[in-house]
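**Student:** The opening position of the sequence shown corresponds to residue 328 in this note's numbering, with each subsequent residue numbered one higher.
Backbone N, C-alpha and C define an ideal beta-carbon position, used for all residues, glycine too.
Mind looking over this structure? Questions follow.
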Amino acid sequence: SAQARIDANDVKAGVYSATREEVEGLSAQLTEAKTVLDQDVSYANFLIALGQATPQNTVLNELTLDNSHFNGTPFELKGFAKTDSDAAALGNQLKSTTQLFTSVDIQSTSSEGGIPEYPIVVTMSVTLNKTGGL
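Okay, structure coming up:
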């Protein structure tokens, strides 16, 4: 009977050990998930702020974002403007929007390759501001 109790306790200890390992594994996964979420950026908030920062008489070309862009990797952003002064205003406005960008450098402007009503192409190198509160 004492042996039966010892055996029963060994079984309980084995179950406890397995459960504990499972809980520790889940805890590690939750810690990983929290780390990812802490670094997450709301794309919706970013796009709204970007739209608000885009001056009149300019539009932005398609925008493809991935996590590397939110971790300091510069990327190319193209815009279109109605005039050369509108193109300059686009670069200056985005540059002053420090909530979104840590750097904005106009690489080129061209009157070739524009779209209807926006004949000037503006090519910029931009770096997103990860700590901008988005």
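(1) So, does the CB of V453 fall closer than 8 Å to a CB anywhere in chain D?
(2) My assumption, with CB atoms under 8 Å, is that Y445 sits in contact with A415. Please give the rounded CB distance.
(3) When the Cα atoms are used, what is the spatial distance from V453 to R347?
(4) Return the chain-ordered ranges of every beta strand (DSSP E) run that is complete within the stretch 388-423 and spans a minimum of 3 residues.
(5) Is the distance from the Cβ of T429 to the Cβ of V449 below 8 Å?
(6) Report the CB separation of D413 from I447 in whole angstroms; it is logged as a contact under 8 Å.
(7) Using the Cβ count rule (16 or more neighbours within 10 Å means buried), how would you classify T391?
(8) Tell me where the beta strand (DSSP E) around I433 begins and ends.
(9) Could you tell me whether the Cβ atoms of L417 and T458 are closer together than 8 Å?
(10) Can you tell me whether S452 is helix, strand or coil according to DSSP?
(11) With a cut-off of 8 Å on the beta carbons, I'd call A380 and L353 a contact; round off their distance for me.
(12) With 16 other CB atoms within 10 Å as the buried threshold, where does N456 fall?
**Tutor:** Let's see:
(1) In the structure shown, chain D does not exist; there is a single protein chain.
(2) No, Y445 and A415 are not in contact; Cβ-Cβ is about 14 Å, not under 8 Å.
(3) 48 Å
(4) 402-408
(5) no
(6) 7 Å
(7) exposed
(8) F428 to S437
(9) no
(10) strand
(11) Wrong, their Cβ atoms sit about 42 Å apart, outside the cutoff.
(12) buried
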